[in-house]
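Colleague: The following block contains the structure, expressed as structure tokens.
Chains as they are written, first to last, in the working numbering: chain A, 113 to 264; chain B, -18 to 80.
What follows is the structure in structure tokens.
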């Protein structure tokens, strides 16, 4: 399944904090029709109570997402930030993570998008893959890495 | 394979709990367990548990309430950090490998 679309791979997103990052990245999902206008507010609200930062072996990332009712078409938006922003850690809201890359997920039905979730998890735990994401120097390189690892 | 029921809890009861469920099914399967996972959010845990028969709760969001069912912090399944520890914790609750 094609989870990664070229218009959803963003490089050098400027954001001062997690909210601004979610706004900017989520807006790309919205303007391309993947999610409803309720998606970004719902993601931000969810992030307060149930943060999605993950400290991986390599570096920190975040996977903001929300319930399927806000989603039109399932997709993953891969956004490399110009500089890391602070997210709360999943499962431990007190713990902070410096997220370098946002993997913003638009999931409609997790049972039908299991492959997408599996490939996502496979990447998080694959140091080599994460280092390739980090080494990408422009949008095209980032797209190639994302397509290689996230399209099944 | 010994069938067991696990309640996977995450913020929206969808994405991260489905990821945890997937991993638990795979990893505990290697230890002889046939995992039947139910996904829910912390606020719907009580309703979900009412179905009964759950061996443990695997949480990727903090669950503060005590439901009388052992809880395992399952965030390690997503980060890969301490993934083995999560599986060990589950096996300890389940009483080791299934026959």
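For glycine and all other residues, C-beta sits at the position ideal for the given N, C-alpha and C.
Are the beta-carbon atoms of residue 199/A and residue 234/A separated by less than 8 Å?
Modeller: No; because the gap between Cβ atoms is not below 8 Å, this pair is not in contact.
Colleague: Please check if any C-beta of chain A sits within less than 8 Å of the C-beta of residue -1/B.
Modeller: Closer than 8 Å to some Cβ of chain A, the Cβ of residue -1/B qualifies, so yes.
Colleague: Does the beta-carbon distance from residue 4/B to residue 58/B come in below 8 Å?
Modeller: It is a contact, given that the beta carbons lie within the stated cut-off.
Colleague: Using a Cβ cut-off of 7 Å, pull out every chain B residue sitting near residue 213/A, in sequence order please.
Modeller: In chain order: nothing, as chain B lies at least about 14 Å away.
Colleague: Residues of chain B with CB under 7 Å from residue 180/A, in chain order?
Modeller: Those are -5, listed as they occur along chain B.
Colleague: So, is the C-beta of residue 53/B closer than 8 Å to a C-beta in chain A?
Modeller: Chain A, which has no Cβ nearer than 8 Å to the Cβ of residue 53/B, makes this no.
Colleague: Select from the region 126 to 157 of chain A all residues with a C-beta closer than 7 Å to any C-beta belonging to chain B, and list them in chain order.
Modeller: Hits within the stretch: zero.
Colleague: Give, in chain order, every residue of the region 56 to 70 of chain B whose Cβ lies closer than 7 Å to some Cβ of chain A.
Modeller: Residues 56, 59, 60, 61 and 62.
Colleague: Determine which residues of the region 19 to 44 of chain B have a Cβ less than 9 Å from any Cβ of chain A, and write them out in chain order.
Modeller: Within the region 19 to 44 of chain B, the residues whose Cβ lies closer than 9 Å to some Cβ of chain A are 20, 22, 23, 40, 41, 42 and 43, listed in chain order.
Colleague: Flag this pair as touching only if the region 171 to 179 of chain A and the region 149 to 163 of chain A have three or more C-beta atom pairs under 8 Å; answer yes or no.
Modeller: Result yes; three or more Cβ-Cβ pairs closer than 8 Å.
Colleague: Would you call residue 75/B buried or exposed, if buried means 16 or more other Cβ atoms sit within 10 Å of its Cβ?
Modeller: Buried.
Colleague: Between the region 185 to 199 of chain A and chain B, which residues of the former have CB atoms less than 9 Å from a CB of the latter, in chain order?
Modeller: Answer set for the region 185 to 199 of chain A: empty.
Colleague: Quick one: which chain B residues come within Cβ less than 7 Å of residue 236/A?
Modeller: Within 7 Å Cβ-Cβ: 59, 60 and 61.
Colleague: Could you tell me the boundaries of the beta strand (DSSP E) in which residue 123/A lies?
Modeller: Per DSSP, residue 123/A belongs to the beta strand (DSSP E) from 121 to 125.
Colleague: If distances are taken between C-alpha atoms only, which option among 13/B, 0/B, 6/B and -1/B comes closest to residue -18/B?
Modeller: Comparing Cα-Cα distances from residue -18/B to each of 13/B, 0/B, 6/B and -1/B, the minimum goes to 13/B.
Colleague: Do you know whose CA, among 43/B, 80/B, 0/B and 23/B, lies nearest residue 206/A's CA?
Modeller: If we check each option's Cα against that of residue 206/A, 43/B comes out closest.
Colleague: So residue 53/B and residue 32/B are in contact, right, with Cβ under 8 Å, and what is the actual spacing, rounded?
Modeller: Not really, about 19 Å apart at Cβ, beyond 8 Å.
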